[in-house]
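Sequence order for the protein chains is A and B. Going by the working numbering, the residue at position 172 of the first sequence is 172; the numbering climbs one at a time, nothing skipped. Going by the working numbering, the residue at position 415 of the second sequence is 1415; the numbering climbs one at a time, nothing skipped. By construction, the Cβ of each residue, glycine as well, lies at the ideal position given by its N, Cα and C atoms. All remarks here apply to the structure that follows.
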Amino acid sequence: MSKYLLKRLLLTIPTLFGAALLVFLLLRAFPGDVCAIRLAGTGMYVDEEQIEICREDLGLNKSLPVQFWDFVSGYATWDLGTSMWTGKPVAEEIGLRFQLSLQVAIMATLVASVIAIPLGIIAAVKQDTWMDYLVRTFSIAGTAMPAFWLGILIILGLLIYSQKWFGVPWMPPIEYRAPWEDLGHNLSQLIWPAVATGYRYSAVVVRMTRSALLEVLREDYVRTARAKGMMESAVINRHALKNALLPVVTIIALEFAFLMGGLVVTEQVFNLNGLGKLFVDSVLQHDYTLTQQLVMLVVLIFVLTNLVVDLFYAWLDPRIRYS
Amino acid sequence: MNRFIPRLAAAAVAGAALGLAGPVAAQTPKKGGILTFVVASSSPTFDMHRETTFGTVHPIAPFYSLLIRVNPENPQSPTDFVCDLCDGEVPKATNDGKTYTFKLREGVKFHDGTPLTSADVKATYDKIIFPPEGVPSARKAFYTMVESIEAPDASTVVFNLKHPSGAFLPAMASPFNGIYSKKDLDTHGTDWHTKNVNGTGPFIFVKHVSGAGVEGKKNPNYHHKGQPYLDGFQSIEAPKMAVRLQAIRGDRASIEFRGFPPKARDDLVKALGDKITVQESDWNCALFMTPNHKAKPFDDPRVRKALTLSMDRWGGSKYLSQIAIVKTVGGVVFPKHPLAAKETELTQLAGYGKDIEASRAEAKKLLAEAGHSNLEFNFTNRAVDQPYTVVGTWAIDQWSKIGAKVTQKIIPTGPFYDTLRKTKDFDVAMDFNCQSVVNPLADVSKFLGSAGNNHGSYEDPVLEDLFKQMNQSGSEAEQYNLMRRYERRALDEAAHMLVSLWWYKINPHRSYVKGWKIAPSHYLNQQLDNIWLDK
């Protein structure tokens, strides 16, 4: 097991290096210049001299190999560099948003899991009944509806109906406060994006839970358990569900990893100062250092999530052993 | 003129502001409260001198003072400047228009308690106008007329000019010219202000959360007695227009200072009635179409002139103003400035005549003469809805009226500027000019082929000479006449660039926000010292 773990961890090094090289080259192949956007993008008069000062200051006039070395050598000293847009340390910029994105991802995962697993079980156990059809309709609607669109509907609904019922339009707060600073404010802001993304997320998990459980319920050992006279709830919970959860856990984990940096549009809709918004801003501003580190963070999250899922498999299915 | 336009249920509020409901008793400002406002852009750093975005001005300007500023009680006037840190009236030039002597207010202190002296003003303007090598100063080029700055005593600052210049005082009122402490510059260096704030403004810096916003609290020692009225302010970054709009509707923010399109204004007023007040103004921003003079057939002035002749600006103003943030027909100068062309003069320019059919007939004739009756070209536009793509689509329709087949290439801001500045791989491109203080003598440099922000790839010694003459003239009448010749040269004879429409600023805000008056720029009147909340 420890040998397997070590091997997997060592394999992350070439993966991360490949990702670093790719993002470094792709960013520079894309036309645009952080200094031109920053100084000339507002339509005000600006001298070319000022743009050159800015480029020199940010190290953009160095050769590409030197820039790449500056980028990767920083990892040796845990120096992720400074944002080309704000001049602040990248670690500070990411750390500030990580907390919010992590909370939304956890809340959305909770919303999705609480909704999806019971519904998936019901749909499988009551296959081809009205309950199954209802759950399938719910999940198809969730898959078809983009989370950001649902988010827009939620905000407009809150504004319109709060005004209609209480005379004063209400919408969720648009500035973040940590849960330990003001829990009410925090939840009243984040519950809505968690619901909007959790619904789409749950739709995927419902479908996976249903299909995995249906497959397991047809296995011989389930028939044997029933033949022994076990209660149906025990058959489902003890024998079928645990085995059916393998692909479900994989989906939940991958969706969680996606939520950490992929809530690009939903964060804009709810004005969340998270990693997705930071990603968009850094790309639009041609902030190379920040974009590079954000991509590396997402790659790292995916690599580690996959590793954790693989290890979790062994716990769920003792037949799986790593050597 | 400050115009408050009535819409639907806001009619009473707006009508009263216009004076339609008779004299309105001036309200006594109430003290207290926190103003929350939304900002579409973010501030890269806190250094006013190196940044160019309103994302810096809106949250950071309230921490600083200026030597002179646009009159906050009359910001619609493009020529009304008042003292902020200077004492009394804005000084008149002496020494044949070449010397300006500013006396400073007494008793002004920086937020850290350091008294303000002329050394601080001199150090600030030395940093802006004569920065050490490698130190950025975004508007250094605005002060080429300044020869030297002196501080003969603790309360006097003298600016010596190389020649008289009508562009000097407006440039001095730039909202980016926050006065820094010499002690900070000497002790911490010129980068210190990128991450730190120490000014003499109405508010004291409290905190900044990157990507989220800025908070400030009242400066009890502010030099304008009795102000500010607010206890503090909070700016919230909200890049999406829908969020900013909903924030005002849901009272998460009271105001947004940049501006909304007409539809957004109407939606807010429809939803909230008299709880919303709308202020509107001409805007010191204009959209241009720049033909690439190095790309055939746009090296031929007849082709460029045909393009401008085909545009029905008066009709465009009527219809586009209903869907976009543009409205005013104008030439090279902000239309409400004394140096702007009068309508009778404007209609003499190619493309500004009221008889559009006659203009288009002339355009077709010019294209035929140039051998390009079936003109086809690409129009490069910026992927920003308001007002770029809206106006770009309108322009293509206008050009189609003279038989031109135009393909619009809409590209994101980064590659867009790369195309304009570096690759020059375009036929005709959208371009814009958006300045803060209305300063036509400086602003019209945009039309010079040699200007850093001109992308037309042309040289025109006639235009360069007229520009030089205007900027070295001390006579307003002479400046006006030279400006007309400059305008005719740029827009008609050589048709280097096509001015489409000037922008129109619409600021719907919560009616309890009082004291703020709309200016012709989203950079101006943002110190917030005269705002109060009627709650």
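Measure the Cβ-Cβ separation of P1508 (chain B) and I1276 (chain B) and say whether it is below 8 Å. yes
Evaluate P14 (chain A) with the Cβ neighbour count: other Cβ atoms within 10 Å of its Cβ, from every protein chain shown; 16 or more gives buried, anything less gives exposed. exposed
Kindly list, in the order they appear in chain B, the residues whose Cβ is closer than 7 Å to that of T86 (chain A). P1044, T1045, S1210
Per DSSP, what kind of secondary structure is N1454 (chain B) in: helix, strand or coil? coil
Can you confirm whether the stretch 150-167 of chain A touches the stretch 240-247 of chain A when touching is taken to mean that 3 or more C-beta pairs between the two stretches lie within less than 8 Å? no
Report, in whole angstroms, the separation of the C-beta atoms of A36 (chain A) and R1421 (chain B), which I expect to be a contact under 8 Å. 6 Å
With 16 other Cβ atoms within 10 Å as the buried cut-off, status of L9 (chain A): exposed
As a quick exercise: from B:G1032, B:D1534, B:W1503, pick the residue whose alpha carbon is nearest that of G1335 (chain B). Note on residue identity: the sequence assigns Pro, not Gly, to residue 1335 (chain B). Answer by Cα proximity: B:W1503.
How would you call M1048 (chain B), buried or exposed, if buried means at least 16 neighbouring beta carbons within 10 angstroms? buried
Using a Cβ cut-off of 9 Å, which residues of the stretch 150-171 of chain A contact any Cβ in chain B, in chain order? I152, I155, L156, L158, L159, I160, S162, Q163, V168, P169, W170, M171
With distances taken from CA atoms, which of B:Y1100, B:D1153, B:F1142 is nearest K1116 (chain B)? One detail in the question is off: residue 1116 (chain B) reads as Leu in this sequence, not Lys. Nearest option by C-alpha distance: B:D1153.
Report the partner residues of K242 (chain A) according to the DSSP bridge assignment. Paired residue(s): none; K242 (chain A) is not in a bridge.
Count the C-beta pairs between the stretch 200-211 of chain A and the stretch 112-120 of chain A that are closer than 8 Å, then say yes if the count reaches three, no if not. yes
Rounded to a whole number of angstroms, what is the C-alpha to C-alpha distance between F279 (chain A) and A1138 (chain B)? 27 Å
Looking at the structure shown, is F1081 (chain B) part of a helix, part of a strand, or coil, going by DSSP? strand
What in chain A is Cβ-close to T1124 (chain B), meaning under 7 Å? Here the premise fails: no neighbours, minimum Cβ distance about 18 Å.
Assign A1021 (chain B) to one of two classes, buried (16 or more other C-beta atoms within 10 Å of its C-beta) or exposed (fewer than that). Bear in mind that the predicted position of A1021 (chain B) carries a pLDDT of just 36, short of 50, making it too unreliable to give a figure here.
Quick check on the DSSP output: the alpha helix (DSSP H) that includes W315 (chain A) runs from which residue to which? 288-316
Using a C-beta to C-beta distance shorter than 8 Å, which residues of chain B count as neighbours of P179 (chain A)? Within chain B, no residue comes near P179 (chain A); the closest Cβ sits about 16 Å away, beyond 8 Å.
Could you tell me which residues DSSP pairs with R1382 (chain B) in its beta bridges? B:I1411
Counted within 10 angstroms of its Cβ, other Cβ atoms place M1 (chain A) as buried (16 or more) or exposed: exposed
Strictly under 8 Å for the Cβ-Cβ distance: is L96 (chain A) near chain B by that measure? yes
Residues in the stretch 21-39 of chain A having any Cβ partner in chain B nearer than 9 Å: F30, P31, G32, D33, V34, A36, I37, R38, L39
Collapsed DSSP secondary structure at V1444 (chain B) in the structure displayed: helix
Please list, in chain order, the residues of the stretch 242-273 of chain A that have any C-beta partner in chain B closer than 9 Å. Q268, V269, F270, N271, N273
Go through its chain and collect everything with a Cβ distance to A1495 (chain B)'s Cβ below 7 Å, but skip five positions before and after it. P1301, R1304, K1305, T1308, A1350
Any idea what DSSP makes of I1323 (chain B), helix, strand or coil? coil
Nearest neighbour of Q50 (chain A), chosen from B:P1075, B:A1141, B:V1384 [CA to CA]: B:A1141
Going along the chain, which unbroken runs of the beta strand (DSSP E) with 3 or more residues stay wholly within the stretch 1031-1098 of chain B? 1034-1039, 1068-1070, 1081-1083
Nearest-angstrom Cα distance between L1466 (chain B) and K1195 (chain B)? 42 Å
Can you give the Cα-Cα distance for A1429 (chain B) and H1455 (chain B), rounded to whole angstroms? 9 Å
Using a cut-off of 9 Å between C-beta atoms, extract the partners of Y176 (chain A) located in chain B. V1209, A1212
Beta carbons nearer than 9 Å to chain B: which residues of the stretch 37-60 of chain A have them? I37, R38, L39, A40, G41, T42, G43, M44, Y45, V46, D47, E48, E49, Q50, I51, I53, C54, E56, D57
DSSP has V1513 (chain B) in a bridge; who is on the other side? B:L1533
Rounded to whole angstroms, what's the CA-CA distance from L1230 (chain B) to E175 (chain A)? Just pull it up for me. 20 Å
Round the Cβ separation of L1245 (chain B) and A1264 (chain B) to the nearest angstrom and send it over; I've been treating them as touching at under 8 Å. 5 Å
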